[in-house]
Amino acid sequence: MNWLNYPLVVLVSFTLWILGTFLLLIPFKRKQKDAAGLTLVAVGILVIAWFIIQLWIHLDRPPMRTLGETRLWYGFFLPVIGYLTFLRWRYRWFLALSLLLASVFLFINYLHPENYDKTLMPALQSPWFVPHVIVYMIAYSLLAASSLVALKGLYHHWKETGVQEELSLADNMVYIGFAFLTLGLLFGALWAKEAWGHYWTWDPKETWAFLTWAGYLSYIHFRIYAPKKALTPLLIISLAFVILLICWFGINYLPAAQNSVHTYSGS
Amino acid sequence: MEKDRYSGGQRRPFWQPPWGYREGLSISLGLLITGFALEAATGGTGLKSPSFPYNLVILIALLNVILFLHAFFRDKPVIRWLSSVPASLSAIILLTFLVLLLGLTPQPSIETHVIQKHLGLSHVVRSYPFFLAMLFFFLTLGLVTLRRGFPVKKKSIGFLLNHAGLWITLAAAFGGSGDMQRLTVTLQEGKDYSNNAVNAEGEGIPLSIAFKLLDFSIEEYPPKIFLIQTSSLEIVKQKQVSYLESTQGKKHTFGDWEVQVLAFLPSALQQDTGFIQSTIMGAPPAALVEAKSKGTATTLTGWISSGSFMYPPVFMRVDEKYSLAMAAPEARKYSSDIEFITREGKTGRFLLEVNKPEKINGWKIYQVSYQAKTGKWSPESTIELVRDPWLPVVYTGIFLLMAGALYLFWIGKDRKKSPGDSDKKEVIMQQMEQS
Ligand code: HEM
């Protein structure tokens, strides 16, 4: 099995995922349909896994060296985590979101076959790369979703129609998102130790990652002590998300980021 | 619902227990001002991280203070408050504010304004305000961990993993930073063993291990070929991919031109007839390319080269405005082949690569850099030696935190208490606070 079979593999998985998601999302005879939908999604994931194993055998090394190869792992792990999260929390939208994200990465590979031979720069060639990125993608998508919920909450607060429902959904998203954010931060630290000799150097990206983390940490603790307050926690989520966006996109423009090891522009 | 309890409120006079956010944030502000004052008074030099055994003594003292306060004064209002959410958030906010300053000012910047220096902003993590913030943080986090985490119950395991894990990680990372040694050694090909290391301040430090560089090498990607504007040397962006990879047989369309690589030499020199392979130092990569114009049906053939630190680049003009040019190759991997001998007489040889550190005699050794100007002909390689005796403790904390994160994912927000119960909890907490 090599990259030539890739379009077929992707087509099969996409079809299974679309059918599966469809069965999971329509609110009708849930009991029977859920089992069928979950099976289809799982088979779709197994197809990707099978492709990775075959490619591994074909290449005679772990397929983790090129941009295209790392995207395969996103395409595998994002659905796996979405699936586990569904089994635990029954969030249908989250499973759909993780399948969509995975599909985007797999599809980019299909559109840009030259990614298969784009070897990553030396510092990125690490077993930590894939887990670090995946965990952060999941954290960011959940925390982004929590901000949307917070916006809705702010609207309801302004209309004075009660926001407890939004807050409790936001709590769940932030708890799970924060768990992934913490894992991403720690994976990053372990990786940095291997690649750059120290686990934490207050590099601008690390600094802003800490600030993002502290923002959601404040939300979690504020909610414990004052569960009835509505406006403040909603504002904390909004502010934390702004920090998250700065951490994600804005770093390159900050004066403090002149020599961040994390700005890979120009390659 | 006593709304005001959270923000201090008018009913309870300022500073009268039980304290809340108002007192907490005032304490944070007080610590911040005190910190800045101390920093300015000491000329903006910051603190030096204590090294062994002082750091260990300080940490044990801090731990003992926390245990002592918890054991004997846990019911005093101030200690009760120190292990509450308002105190915790005040500490987190103070710390976060300082990190925000750190995130907004370049560290360490070359042109430090004197005010910036005297407030400690050129070295935030070593400054007095940061030190005070950390003390406040360790105190609250330590006290809350003891209060809620012990005695250990099944329900408190997640709490304990997260809070104790964080305390241990940060205590070992900050407490141990003074013992961390990072030294670099620059090795030259063809020179004998060297044990001359340099620290961050540029002081020479002799090592108990000596290294000899047998060979430094860089593997490169095939360089990229671009269409450029001859006058400005600017790359002409194409619709999808803007470059052609210099590998024999590869083709790419640049606007009207269809370009193919007829031959590629990774290392070559220009002769009258074109480029020929060469292994001498500085010989740049070169490619023989053919460009066919779809519009005018002309075909051009010629050599292009990226040049190197010794040779100029060679372009191929395709018309009066545009040329084909080769970019400097990018490194795929760089590695140093190194022999070493220790003072005890142990010898060995290893291949050092980025992301693949070596361990010798308690040092972790990393490939750091090479001479940028000469690139793959670099006659030297810089390696870094790192020793961090506290690392096992930091990793212990990190693994507790990871377990805590998994727990958080799996359990989520504890929903066993119905909303009514959370009211009850508040009532109980309030009663406790007032007792
Ligand atoms: C890894 C970071 C942290 C995580 C994941 C975390 C998570 C949590 C969670 C889930 C709770 C609720 C526990 C329960 O309801 O039983 C909690 C409570 C609490 N946490 Fe944290 N926390 C973290 C860091 C901190 C820090 C840094 C502080 C203080 C500086 C702190 C102070 C507190 C306090 C005061 C409580 C309330 C305990 C109570 O009175 O019930 N936490 N934390």
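Quick note, the sequences are listed as chains A and B, same order.
Here the working numbering is used: the first residue of the first sequence is 1, the next is one more, and so on.
Here the working numbering is used: the first residue of the second sequence is 268, the next is one more, and so on.
Positions of the beta carbon are idealized from the N, C-alpha and C atoms, including for glycine.
Candidates the options, of which the one nearest residue i by Cα
i         : options                                       : result
Met-593/B : Leu-413/B, Asn-463/B, Thr-497/B and Ser-423/B : Thr-497/B
Pro-596/B : Ile-382/B, Ala-553/B and Gly-541/B            : Ala-553/B
Tyr-601/B : Gly-679/B, Thr-312/B and Trp-644/B            : Trp-644/B
Leu-190/A : Ser-509/B, Leu-668/B and Ile-327/B            : Leu-668/B
Leu-536/B : Thr-312/B, Gly-549/B and Ala-328/B            : Gly-549/B
Asn-322/B : Glu-468/B, Val-635/B, Asp-446/B and Leu-555/B : Asp-446/B
Tyr-589/B : Phe-576/B, Pro-473/B, Thr-436/B and Phe-493/B : Phe-493/B
Gly-679/B : Pro-63/A, Arg-71/A and Arg-88/A               : Arg-88/A
Glu-512/B : Tyr-460/B, Pro-580/B, Gln-538/B and Leu-555/B : Leu-555/B
Pro-580/B : Leu-356/B, Trp-570/B and Ile-605/B            : Trp-570/B
Ser-394/B : Val-585/B, Thr-641/B, Leu-365/B and Gln-638/B : Leu-365/B
Gln-527/B : Lys-517/B, Pro-533/B and Ser-534/B            : Lys-517/B
Separation of residue j from residue i, as counted between CA atoms
i         : j         : result
Pro-320/B : Ala-440/B : 15 Å
Leu-46/A  : Phe-94/A  : 19 Å
Met-401/B : Leu-433/B : 13 Å
Val-130/A : Leu-101/A : 15 Å
Val-10/A  : Ser-98/A  : 16 Å
Tyr-488/B : Ala-598/B : 6 Å
Tyr-136/A : Lys-559/B : 46 Å
Glu-269/B : Phe-404/B : With a pLDDT of 40 at Glu-269/B, under the threshold of 50, the predicted position of this residue should be treated as unreliable, and no value is reported.
Asn-462/B : Gly-75/A  : 48 Å
Arg-616/B : Gly-425/B : 46 Å
Ala-530/B : Leu-481/B : 32 Å
Thr-566/B : Glu-557/B : 7 Å
Ala-304/B : Leu-428/B : 37 Å
Ser-13/A  : Leu-619/B : 41 Å
Leu-151/A : Ile-237/A : 9 Å
Tyr-219/A : Pro-233/A : 6 Å
Leu-314/B : Pro-122/A : 36 Å
Leu-33/A  : Ile-134/A : Before going on, a small fix: residue 33/A reads as Lys here, not Leu. C-alpha separation (whole angstroms): 29 Å.
His-157/A : Ile-53/A  : 51 Å
His-132/A : Leu-368/B : 26 Å
Gly-612/B : Arg-654/B : 21 Å
Thr-363/B : Ile-632/B : 33 Å
Arg-223/A : Lys-229/A : 8 Å
Phe-521/B : Gln-538/B : 28 Å
Leu-8/A   : Thr-70/A  : 19 Å
beta-carbon residue i near the ligand HEM non-hydrogen atom, thresh 7 Å
i         : result
Thr-182/A : yes
His-430/B : yes
Leu-668/B : yes
Ala-358/B : yes
Val-411/B : yes
Leu-211/A : no
Thr-663/B : no
Gly-671/B : yes
Tyr-415/B : Note on identity: in this sequence residue 415/B is Arg, with Tyr being the wrong assignment. Under cutoff, so the answer is yes.
Phe-404/B : yes
Leu-78/A  : no
Leu-363/B : Correcting the residue type first, residue 363/B is Thr in the shown sequence and not Leu. Checking the Cβ of Thr-363/B against the ligand HEM gives no.
Ser-355/B : yes
Val-345/B : no
Phe-441/B : no
His-156/A : no
Ser-351/B : yes
Ile-220/A : yes
Cutoff 7 Å; reference residue i; Cβ partners in own chain excluding five residues on either side
i         : result
Tyr-91/A  : Thr-85
Leu-19/A  : Leu-40
Gln-561/B : A small fix is needed here, since residue 561/B is Lys in this sequence, not Gln. Same-chain partners within the cutoff: Asp-523 and Glu-525.
Residues of its chain near residue i, where Cβ-Cβ distance is below 6 Å and the 5 sequence neighbours each way are ignored
i         : result
Ile-359/B : none
Pro-284/B : Pro-344
Leu-399/B : Leu-298 and Gly-302
Gln-383/B : Ser-389
Trp-348/B : Trp-286 and Ala-354
Residue-chain proximity (residue i, chain D), Cβ-Cβ < 8 Å
i         : result
Leu-100/A : Going by chain labels, chain D is absent from the structure shown, which instead holds the protein chains A and B.
Distance cut-off 7 Å: residue i Cβ against heavy atoms of the ligand FMN
i         : result
Ile-605/B : Ligands displayed in this structure: the ligand HEM; the ligand FMN is not among them.
Other residues of its chain near residue i: CB distance less than 8 Å, five sequence neighbours each side excluded
i         : result
Trp-248/A : Tyr-140
Asp-459/B : Lys-479
- the region 647-660 of chain B / the region 449-460 of chain B touching (three or more Cβ pairs under 8 Å): yes
- Would you check if the region 662-679 of chain B and the region 167-184 of chain A touch, i.e. whether three or more CB-CB distances between them fall below 8 Å? yes
- Between the region 204-218 of chain A and the region 231-250 of chain A, are three or more C-beta pairs nearer than 8 Å? yes
- How about the region 197-208 of chain A and the region 161-172 of chain A: do they share at least three Cβ pairs that are nearer than 8 Å? no
- Pairing CB atoms from the region 463-474 of chain B with CB atoms from the region 333-343 of chain B, are three or more of them under 8 Å? No contact exists between the region 463-474 of chain B and the region 333-343 of chain B.
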